[in-house]
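The next block holds one structure in the form of structure tokens; read it before the comments.
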Amino acid sequence: MAKLVLYGEFPMSDESVTVSHPYEIVSVEKTDPPPGTEGSDWYHYVIAQGPNIIRGYRQGALSAVKSAVAEVVEQLNQRRFGKRARVNLITIPKKTKS
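In structure tokens form, the structure reads like this:
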């Protein structure tokens, strides 16, 4: 089973930076296990959005780690524009006068 360890740096930034810069993967590199963990096949990744940096560790095959980090980036970018709608709107036709 893959383990996920996250570390983050979130400096204060103005709103224009967060709107104009999407999150993106900066790097994914093989590394030693993070402190307090065991096992092999650990990778360190960096995600950035302007001055905001997210650093994390993930255990697994390189292709699986890259896929998981790409999914995190996609979800972070979706959150930048608000939550997805949860309401299922149904239109009811207006009654016509006979």
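Residue numbers (this note's numbering): 1025 to 1122. Glycine included, each C-beta is placed from N, C-alpha and C at the ideal position.
For residue j and residue i, believed in contact at Cβ under 8 Å, the rounded distance
i: Glu1053; j: Tyr1067; result: 6 Å
i: Val1089; j: Arg1079; result: With a Cβ gap of about 14 Å, Val1089 and Arg1079 do not count as contacting.
Nearest-angstrom Cα separation, counted from residue j out to residue i
i: Ser1087; j: Ile1114; result: 42 Å
i: Phe1132; j: Val1097; result: The question about residue 1132 has no answer, for the chain in this structure spans 1025 to 1122.
i: Asn1076; j: Val1070; result: 10 Å
i: Gly1084; j: His1045; result: 29 Å
i: Glu1062; j: Thr1055; result: 12 Å
i: Ala1072; j: Ile1116; result: 45 Å
As assigned by DSSP and simplified to three states, the class of residue i
i: Ser1091; result: helix
i: Arg1103; result: helix
i: Ser1064; result: coil
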